[in-house]
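Here the structure is laid out as structure tokens; the discussion comes afterwards.
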Amino acid sequence: MTSANLSLGEKLKNHRTYLNRTLWSGYIALPFLAAYFILGVIMMISRTINYAARYNQSDAVLYQEKLRAVSRVLGVEQFGFVIVIGIAVMFALQGFSYVFDTSKLDFYLSQPTTKAQRIAKNYFNAITSFLIMYVGCEIIALVIAACMGAVGKYLYLSVLIETIRAFNLFFAFYNITVLAVMLSGSLPIAILLTGFFAFISILFAGELYFFNSMFFATHSSMQPFRVWFSPLFDRFGVYLTLVDEQRSSFALISPEYISNVLGRILPREADTLITGLIAFAFALIFAKMRQAEWAGKGIVIRPFRWLVKIVVCVAAGLGVGYIVYLVYETVWSQRLFAQMCLIMALTTIVTGCIAEVILEGNIRRVFKGKAQTIMALAIVLLIFTIYRGDLLGFDSYVPAADKIESCAIVNNARSFNLLNVMANGSIYDVEMMAITNTEDFVKIASAGMENRKLQKKNYDDNIYDSMGYELEILYRLKNGRKVYRYITVPYDTVNEELARIVDSEEFKRGYFDIFNDEIVRELDVPSLHNLVYDSMGASESTKNFSYEEFSEAYRKDILDNYSFEYASKNMPIGCVNYEGNSENYVYGSMDVFETYTNTIAYLKKLGIYIDYKIDVSDIREIKVNNYFPGYDLETESISDPDPNVETSHATYTDPEQIKELLEASVYNNTYNPWFDYRLFNDQYSVEILRDGNYQYSSLYCSILKGKVPQFVKEDTN
Amino acid sequence: MIELLNLEKSFDDIKAVNRVSLNILDGEVFGLVGTNGAGKSTILRIISGVIKPDEGIVLVDKRPVYDNPEVKRDVFYISDDQYFLPNSTPEEMAVYYENIYQNFDKLRFYKLCSGFGLDVKRRINTFSKGMKKQVSILLGICAGTKYLLCDETFDGLDPVVRQGVKSLFAGEMADRGLTPVIASHNLRELEDICDHIGLLHQGGVILSEDIEDMKIKMQKVQCVFASEEDEKKALEGLNVLLHETRGRLHTITIRGEREEIERAFGRGNPIFFEVLALSLEEIFISETEVVGYDIRKFVLG
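One line per chain: the protein sequences are B and A, in this order.
Residue numbers for the first sequence follow my numbering, so the first one is 1068 and each next one is one higher.
Residue numbers for the second sequence follow my numbering, so the first one is 2 and each next one is one higher.
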């Protein structure tokens, strides 16, 4: 009897036997998947039940906690993708490693199939095996979760989304590994090449990001770290974001949750899919080109081998450049750039030698392949030159006003701090500000860019004079790009433009958290809140207030009574602190200027306003510190004095001297982003010690430039 | 019929097959003989569709073989270094091939394994080298293909098994017209099984002929001449391949038919003259020495 008469059952049985013998790594992966999914679900749900019993959680809360627990194992927040990556790499290596071995090639390629059929069969076997394992374990875990009352329709949706993502990830890594196999002649080289494909885009993106921060004065750390064509980064990056956002905010498994998650994952999943498809296309092309006699070689296609060597050398050269910077960061100076360049060049050459030995598997090849090493060296030096000379104009990049959709100034001093809510973007989002006066914004940015470069140069020369308003800005370009820059807007130069921007409603509504405090209002519980007014070292508080009324009064003051001109010359007189201690702890701190008539009126109505002007009779003594005795920083640069000079002190109790000191000093206990800090003489600090029952008996002030009393100069120098 | 026309294949700078043209007729046992590195395995790998030639044509029953499953269904290739699925048994290999070759006869395979003393349920990786070769050969025979390509397949088989395999080949040829192509440098093994020999050297074909024709067209003569003049008269016009002299005894290998050579030696009137039978090995040595292969450096199997 011949095999032409085989029944379907026999054929399937035979196929199973074949799979057992060719994809046996599935037997290694299956226990890991089963342990992760099945044991994971059981353990997470039982932990949740125990927690609920211990802390008397209600049934509704327990149900949500169970859903969250299952979602962490099976849903979009899961960490099981690491196993998926492992399976994809193992299956690809096992399925296609026959190309490395002549006897296996003879065995497989002499059989009556085409190359395409053989590849299709391997893909089919790997994908079906993976899906059966993955979905099988998932279904068992879901059945267990259902038995433990831990399922719901949005959880099912989350699991379904994750299953699609898992397949997408598997497909991408499988193709990347197959591509590596097709370009390699041996298993070790294929594994190295898979790692190369997986990490190279992350490495380069990271290196160039660090180079931006290292070389450019206007680089902003808010500029997102973007990596393209990297399924590894796509997955890890989103995982960390979801853990940070969803877990820390205890997000409920709800339609909003699904919607938020989809917004996060879709762009990265698209990148993974595109990478997978590109790898698939190249894998097919190289599989078609591949010849049986390539078995046993290093990297089989010569130009690609050169490319790999060049890329590795360049990556090593750039990476070492950053390490040099890290080592010398605290003592960095311009001349160290030359040293950095030299070390980068040497590293590139040494890496070229090592890469040659590894790729050829022959230590005698150490000095071969000079052309590629020289090419890599040229690229490294070119990149260094581009960054060092800013040949692409990073530090002078200001988009044309008509190409900008809107702009924003990033508020780095938020008013509110909402525990567990702060990360969900509700009030901490730079997207709240959309300045459309792009003409003025561009003028400010241009001046700020130039000034920032000068400031960085001063810093490198140990000159730390205040040079302007330090701002992080965002351009939203019409082409969809977002560009962040760090600038130092010089004092006085563009004050009119700054005034038009800062005084605009679109700036105020985006800059001050109070305009986006819906969640604070929502969480506010009258019996659990507190309002404190601090001024000049005194403090008054009340629990009998309406947060909404306060918020409205404060909003009105910002819109009507806050201006750049006023803020640039005056410091706040006090500060309102709000505390809400209901479901989520909320803390807010808002400065009060003398012009805030609505807020002051409301505080007066509550009886907590402190109408206090400091008086000579309250003061016991004033201590003045001179940090650089023997120098005069009003005429000398701050970099001139000997940094080791000892601070001198003087104490004044004479009412006349105290009066003169009070007239020369400004209470300086708060931060005002628009204040011209050049008005202060930083050589001196003033500590006022008062009699009486003040919460803080000491007040700290700065002396205005040109107003340092003569007796202070004489006593402290 | 398998036709090779001007076949060329290079591995980097090495020309493994250099303008090889051969015809392998159906129903005959074709022996591919050659020096080490002559290109025997490469030719078999090309015929089986594993390797794509750089130049030239390979046709199996008038059809190109490379990446052509229809043709490959008629060809079974037993590699020099056989591969079996990891941890598999002969039984599992039979199951595997059952899905690959439509005419695979599993029952016959079990029967033959039993006859050769091979346990079909034992892991192949525990078999000896010779037993693995037996499994390969039996799998090849039971695949039911028209062509069976054997690369150094008989090496390592004990004489009894070797004889058994030869009998199997003979039976298959008679029953269903199997055409075995056997590559080997073990000339003694091929001599009594092959009908036709292709002799390869440095990637090229030195000769391709039926063994009987080959023996008819080349003679080894031992003779003693009275004088050098007689020797010259006798050898004049003959195509002498090898000529050795020990004392007055000459041993001469000459290309030509027996009658022609006897006539020529009649002119020289030798004191002693005898035509000896040539073995395939001697033909191989003679032909390769003519093209510069110094056989004395090697010991043939």
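All C-beta atoms in this analysis are idealised placements derived from N, C-alpha and C, irrespective of residue type, glycine included.
Proximal residues to residue i (C-beta, below 7 angstroms), its chain only, five neighbours per side dropped
{"i": "V1465 of chain B", "result": "V1509, A1512, S1513, M1516"}
{"i": "S1656 of chain B", "result": "S1482, C1642, N1644"}
{"i": "L1075 of chain B", "result": "none"}
{"i": "S1321 of chain B", "result": "Y1221"}
{"i": "G1739 of chain B", "result": "Residue identity differs from the one stated: residue 1739 of chain B is Asn in this sequence, not Gly. The answer, listed in chain order, is A1634, M1638, P1639."}
{"i": "T1503 of chain B", "result": "S1473, E1573"}
{"i": "N1665 of chain B", "result": "A1620, K1623, D1624"}
{"i": "G1492 of chain B", "result": "Reliability fails at G1492 of chain B, whose pLDDT of 43 lies under 50, so the model's placement of it is uncertain and the value that follows must be treated cautiously. Closer than 7 angstroms at the Cβ level, and outside the excluded window around G1492 of chain B, lies no residue."}
Nonlocal neighbours in the same chain, by C-beta distance under 8 angstroms from residue i, ignoring five residues either side
{"i": "E282 of chain A", "result": "L188, R189, E192, L301"}
{"i": "E1650 of chain B", "result": "L1590"}
{"i": "L1172 of chain B", "result": "Y1165, V1166, A1359, A1362"}
{"i": "I1675 of chain B", "result": "L1598, V1599, Y1600, E1607, S1608, T1609"}
{"i": "D1457 of chain B", "result": "F1282, F1283, S1463"}
{"i": "L1673 of chain B", "result": "L1598, T1609, N1611, F1612"}
{"i": "Y98 of chain A", "result": "F105, L140, C143, A144"}
Sequence-distant residues of the same chain with beta carbon closer than 6 angstroms to residue i, five excluded per side
{"i": "F1300 of chain B", "result": "I1269, V1294"}
{"i": "H1472 of chain B", "result": "Note that residue 1472 of chain B is Glu in the sequence shown, not His. If we look at E1472 of chain B and ignore the five residues flanking it on each side, its Cβ neighbours are R1543, K1545."}
{"i": "L1700 of chain B", "result": "Q1750"}
{"i": "Y67 of chain A", "result": "G50, K53"}
{"i": "S1297 of chain B", "result": "S1268, I1269"}
{"i": "Y1392 of chain B", "result": "M1281"}
{"i": "Y78 of chain A", "result": "S49, L150"}
{"i": "E1646 of chain B", "result": "N1597, Y1654"}
{"i": "Y1698 of chain B", "result": "P1708"}
{"i": "P1722 of chain B", "result": "V1683"}
{"i": "N1484 of chain B", "result": "Y1654"}
Per-residue burial, residue i [other beta carbons within 10 Å of its own, 16 or more giving buried]
{"i": "A175 of chain A", "result": "exposed"}
{"i": "Y1531 of chain B", "result": "exposed"}
{"i": "Y1395 of chain B", "result": "exposed"}
{"i": "K10 of chain A", "result": "buried"}
{"i": "R1687 of chain B", "result": "exposed"}
{"i": "T1505 of chain B", "result": "buried"}
Residue i: first and last residue of the uninterrupted beta strand (DSSP E) it sits in
{"i": "N7 of chain A", "result": "3 to 12"}
{"i": "V225 of chain A", "result": "219 to 225"}
{"i": "D121 of chain A", "result": "The identity of residue 121 of chain A in the sequence shown is Val, whereas the question assumes Asp. Counting along the chain, V121 of chain A falls outside any beta strand (DSSP E), and DSSP gives it neither H nor E."}
{"i": "S1769 of chain B", "result": "1765 to 1771"}
{"i": "L110 of chain A", "result": "A small correction: the amino acid at residue 110 of chain A is Phe; Leu does not occupy that position in the sequence shown. Here F110 of chain A belongs to no beta strand (DSSP E); instead the alpha helix (DSSP H) covers 107 to 116."}
{"i": "G57 of chain A", "result": "56 to 61"}
{"i": "G1647 of chain B", "result": "1641 to 1648"}
{"i": "Q1750 of chain B", "result": "1747 to 1757"}
{"i": "L1227 of chain B", "result": "No beta strand (DSSP E) holds L1227 of chain B; the alpha helix (DSSP H) holding it covers 1220 to 1249."}
{"i": "V1592 of chain B", "result": "It is not in any beta strand (DSSP E) - V1592 of chain B carries neither H nor E in the DSSP assignment."}
{"i": "I1807 of chain B", "result": "Only positions 1068 to 1784 of chain B appear in the structure, and residue 1807 of chain B is not among them; the question remains open."}
{"i": "M1261 of chain B", "result": "At residue 1261 of chain B the sequence reads Thr, which differs from the Met that was named. Here T1261 of chain B belongs to no beta strand (DSSP E); instead the alpha helix (DSSP H) covers 1254 to 1282."}
Element boundaries [alpha helix (DSSP H), containing residue i]
{"i": "V1775 of chain B", "result": "Looking at the DSSP string, V1775 of chain B is not in any alpha helix (DSSP H), and its letter there is neither H nor E."}
{"i": "G1147 of chain B", "result": "First-last for G1147 of chain B: undefined, no H or E at that position."}
{"i": "D1627 of chain B", "result": "1614 to 1628"}
{"i": "Q164 of chain A", "result": "160 to 177"}
{"i": "A1183 of chain B", "result": "1182 to 1214"}
{"i": "T1169 of chain B", "result": "1169 to 1176"}
{"i": "I1112 of chain B", "result": "1107 to 1121"}
Residue i Cβ short of 6 angstroms to the ligand MN heavy atom set
{"i": "L1299 of chain B", "result": "No copy of the ligand MN appears in this structure; indeed no ligand is present at all."}
>> Quick check on the DSSP output: what are the complete beta strand (DSSP E) runs of length 3 or more inside the segment 1659 to 1743 of chain B, in order along the chain?
In response: 1686 to 1693, 1715 to 1719, 1732 to 1734
>> Ignoring anything shorter than 3 residues, give me the beta strand (DSSP E) runs that lie fully in the segment 1317 to 1383 of chain B, in order along the chain.
In response: none
> Does the count of Cβ pairs from the segment 1240 to 1253 of chain B and the segment 1352 to 1365 of chain B closer than 8 angstroms reach three?
Replying inline: In short, these stretches touch, since the Cβ pair count reaches three.
> Enumerated in chain order, which unbroken segments of the beta strand (DSSP E) with a length of 3 residues or greater are wholly contained in the segment 13 to 46 of chain A?
Replying inline: 15 to 25, 31 to 35
>> Extract the residue ranges of the alpha helix (DSSP H) inside the segment 1399 to 1468 of chain B, only unbroken runs of 4 or more that lie entirely within it.
In response: The DSSP assignment places 1403 to 1427, 1437 to 1455 as complete runs of the alpha helix (DSSP H) inside the segment 1399 to 1468 of chain B, in order along the chain (cut-off: 4 residues).
> Which ranges does the alpha helix (DSSP H) cover as unbroken runs of at least 4 residues, wholly within the segment 183 to 271 of chain A, from first to last along the chain?
Replying inline: Listed in chain order, the complete alpha helix (DSSP H) runs (minimum 4 residues) inside the segment 183 to 271 of chain A are 188 to 192, 212 to 217, 229 to 236, 259 to 269.
> Within the chosen definition, does the segment 1115 to 1135 of chain B reach the segment 1229 to 1249 of chain B through at least 3 CB pairs nearer than 8 angstroms?
Replying inline: No, because fewer than three Cβ pairs between the segment 1115 to 1135 of chain B and the segment 1229 to 1249 of chain B fall closer than 8 angstroms, the two stretches do not touch.
> Contact between the segment 1722 to 1733 of chain B and the segment 1617 to 1634 of chain B: three or more CB pairs below 8 angstroms?
Replying inline: no
> Can at least three beta-carbon pairs, one atom from the segment 1095 to 1113 of chain B and one from the segment 1274 to 1287 of chain B, be found at a separation below 8 angstroms?
Replying inline: no
>> Using 8 angstroms as the cut-off, can you tell me whether the segment 1410 to 1428 of chain B makes contact with the segment 1370 to 1388 of chain B, which would need three or more C-beta pairs spanning the two stretches below that distance?
In response: yes
> For the 8 angstroms Cβ check, are there 3 or more pairs between the segment 228 to 237 of chain A and the segment 256 to 269 of chain A?
Replying inline: yes
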